[in-house]
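Chemist: FYI, the numbering for the sequence shown is -25 to -1, 1 to 105, going by mature numbering (1 follows the signal peptide of the UniProt record, and there is no 0).
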Amino acid sequence: MRTPKTLKALLLSALLATAALGATASAGQAYFSNESGQSGVVDVYVDGQLVFDNVFPNMPMMFPQDLAAGTHQVVVTPFYLTPGQGDVLDTAVIIPDDGTYTLTLAESEDELSRPVLAIGVSGGNTQTSE
């Protein structure tokens, strides 16, 4: 039979473990918007996991997904292909702590003013890496 001291110790350790997980696993809600008609219907993988599937151009997403704060590798593919088989875009994005964000696939320009696809992150204080 466990003593009250053992029970208190177990409860305290469970509480501390939960608090530590909450502090490191801060997540924000993310939507994905496909503003590029040339990309067609796409799937979006974040860190190798399918997060948004069958995203049509110019159709707003109704349901956000939780993304942990930090840098993530985002791969956009045609809906019928897996990553590495004709990716539309493969880039890194930075998701800040908490909040609601939209990852937007849209046409942009590179340093030579050529049209390219890029992902922008909007909502709150954000940064994008390409």
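From the three backbone atoms N, C-alpha and C, an ideal C-beta is built for every residue, glycine too. For clarity, every value in this text was computed on a predicted model and none was experimentally measured.
Going by C-alpha to C-alpha distance, which of Tyr20, Val68 and Asp28 sits closest to Pro58?
Modeler: Here the question's residue 58 lines up with position 83 in the sequence shown. Closest by alpha carbon: Tyr20.
Chemist: Evaluate Pro67 with the Cβ neighbour count: other Cβ atoms within 10 Å of its Cβ, from every protein chain shown; 16 or more gives buried, anything less gives exposed.
Modeler: Taking the first residue of the sequence shown as position 1, residue 67 is located at position 92. The question names Pro, but residue 67 in the sequence shown is Ala. By the 10 Å Cβ count, Ala67 comes out exposed.
Chemist: Can you check which of these residues, Ala93, Thr77 and Asp85, is closest to Gln4 by C-alpha distance?
Modeler: Translated into positions along the sequence shown, residue 4 becomes position 29. If we check each option's Cα against that of Gln4, Thr77 comes out closest.
Chemist: Please return the same chain residues whose Cβ sits closer than 7 Å to the Cβ of residue 106, not counting the five positions on each side in sequence.
Modeler: Residue 106 lies beyond the range of the chain shown here (-25 to 105); nothing can be said about it.
Chemist: So, is Asp18 buried or exposed, given that buried needs 16 or more other C-beta atoms within 10 angstroms?
Modeler: Stepping through the sequence shown from its first residue, residue 18 is reached at position 43. Buried is the call here.
Chemist: Just grab the DSSP bridge partners of Glu82 for me.
Modeler: Taking the sequence shown and counting its residues from 1, one reaches residue 82 at position 107. DSSP lists Leu92 as partners of Glu82.
Chemist: What do you get for Phe27, buried or exposed, if any count of 16 or more other CB atoms within 10 angstroms of its CB means buried?
Modeler: Sequence index remark: in the sequence shown, residue 27 carries index 52 (1-based). So Phe27 ends up on the buried side.
Chemist: In the DSSP assignment, find the unbroken beta strand (DSSP E) run with Tyr6 in it and report its ends.
Modeler: For the purposes of this step, residue 6 is taken as residue 31 along the sequence shown, with counting starting at 1. Ala2 to Asn9 is the span of the beta strand (DSSP E), which, as asked, contains Tyr6.
Chemist: Can the beta-carbon of Pro39 be found closer than 7 Å to that of Gly12?
Modeler: By 1-based counting over the sequence shown, the position of residue 39 is 64. By 1-based counting over the sequence shown, the position of residue 12 is 37. Cβ distance not < 7 Å, so Pro39 and Gly12 don't count as in contact.
Chemist: Which first and last residues belong to the beta strand (DSSP E) in which Tyr55 is found?
Modeler: To locate residue 55, count along the sequence shown from 1; it is residue 80. Careful: Tyr55 lies outside any beta strand (DSSP E) and carries neither H nor E.
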